[in-house]
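Down below is the structure, laid out as structure tokens.
In our numbering, the protein residues as written are 56 to 223.
Here you go:
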């Protein structure tokens with residue numbers, strides 16, 4: 056049996072597992088973006104928070120994925136369902152590149168641009184949404200792309216705890 060025959064013979068199962076995999080990755084990345092971008096903005100604005108936030112994300116990144124799944128099993132509302140456990144772990148793994156790139160993108164904006172925006176009478180909120188985020192968007196998207204690649208790879212290991220996906 057060659058590869059094409061295998062794919063043809065198991066196409067329904069492969070399709071189902073691919074959809075499960077995409078759901079795990081999609082939900083995890085969406086949660087990581089919702090958590091990571093505000094944290095990146097926070098540490099760009101308050102440099103004193105940089106070490107604790109990035110340090111925590113770095114520590115999570117160094118934990119092997121199977122071990123992280125094991126650490127999260129005793130958590131009451133996570134350990135009951137493998138998919139929730141996998142999404143929490145995958146979200147934690149995806150945070151570091153998103154936080155780091157958001158902070159780097161905002162911190163990399165020229166101070167002259169900020170001064171010009173202030174000179175136009177922009178508030179902090181306007182400065183963030185009309186100047187800083189649009190200028191930092193390419194760097195932020197690069198972080199989301201990196202996080203997605205990491206999450207697609209780690210999601211295959213989530214099958215070991217019964218979360219489904221292409222690792223089965």
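Built from N, CA and C at the ideal position, the CB exists for glycine as well.
Pick from the options that is closest to residue i, judged by C-alpha positions
i	options	result
residue 100	120, 216, 188, 111	188
residue 180	163, 66, 96, 84	96
residue 195	168, 162, 117, 78	162
residue 200	144, 220, 85	85
residue 142	173, 81, 152, 93	81
residue 202	62, 91, 71	91
residue 152	177, 116, 106	116
residue 150	108, 102, 74	108
Under the three-state DSSP convention, the category residue i falls into
i	result
residue 175	coil
residue 232	Nothing about residue 232 can be reported from this structure: the residues present for the chain run from 56 to 223 only.
residue 205	helix
residue 113	helix
residue 65	coil
residue 73	helix
residue 60	helix
residue 160	helix
residue 221	coil
residue 196	helix
residue 127	helix
residue 84	helix
residue 180	helix
residue 146	helix
residue 155	helix
Check whether residue i and residue j have beta carbons under 8 Å apart
i	j	result
residue 147	residue 182	no
residue 197	residue 156	yes
residue 120	residue 209	yes
residue 140	residue 205	no
residue 190	residue 164	yes
residue 79	residue 128	no
residue 158	residue 98	yes
Chain-order list of residues whose beta-carbon lies under 8 Å from that of residue i (same chain, five-residue window excluded)
i	result
residue 193	160
residue 250	Summary: the structure shown does not reach residue 250, with the chain confined to residues 56 through 223, and so no result is reported for it.
residue 72	219, 220, 221, 223
residue 56	64
is_contact[residue i, chain D] using C-beta, thresh 8 Å
i	result
residue 219	Structure shown: chain D not included; a single protein chain is present.
Cutoff 7 Å; reference residue i; Cβ partners in own chain excluding five residues on either side
i	result
residue 207	80
residue 104	97, 98
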